[in-house]
Amino acid sequence: MNDASPVIAENIKLTQFAHGGGCGCKIAPGLLREILARAPQGLVPPELLVGTETADDAAVYRLNDQQALVATTDFFTPIVDDPYDFGRIAATN
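This is the structure we're talking about:
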């Protein structure tokens with residue numbers, strides 16, 4: 000280990016911070032609706048074709064009359080304890 004390497008405690012397991020694992024570890028749809036209902040809505044641009052109101056996995060934003068951008072974010076809880084391995088899995092995903 001060189002001086003620039005971070006010190007990592009050996010007894011910390013990434014999986015201890017998750018109640019489940021992987022993409023299947025989602026909160027219940029009802030709880031998600033409740034959380035989103037309390038979140039500030041802010042300004043919704045007219046170009047936003049699909050937003051949070053549909054509970055969809057992606058947002059759709061109109062770029063012009065011919066094109067739209069479909070955007071999604073994937074987040075999952077740790078499924079392995081090694082940070083390096085988890086980073087590799089996340090990057091591959």
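Counted the way numbering that gives the first Met the number 0 counts, the sequence shown spans residues 0 to 92.
Beta carbons are placed, not taken as given, at the ideal position from N, Cα and C, and that holds for glycine.
Values in this document were obtained by computation on a predicted structure and should not be read as measured data.
- For the options G86, I78, V59, A17, the alpha carbon positioned closest to that of E46 is the one of V59.
- Shown here, A36 sits in a helix according to DSSP, grouped into three states.
- The beta-bridge partner set that DSSP reports for L62 is empty.
- P77 counts as buried, since at least 16 other C-beta atoms from the protein chains shown sit within 10 angstroms of its C-beta.
- Using a Cβ distance threshold of 9 Å, A67 and T51 do not count as a contacting pair.
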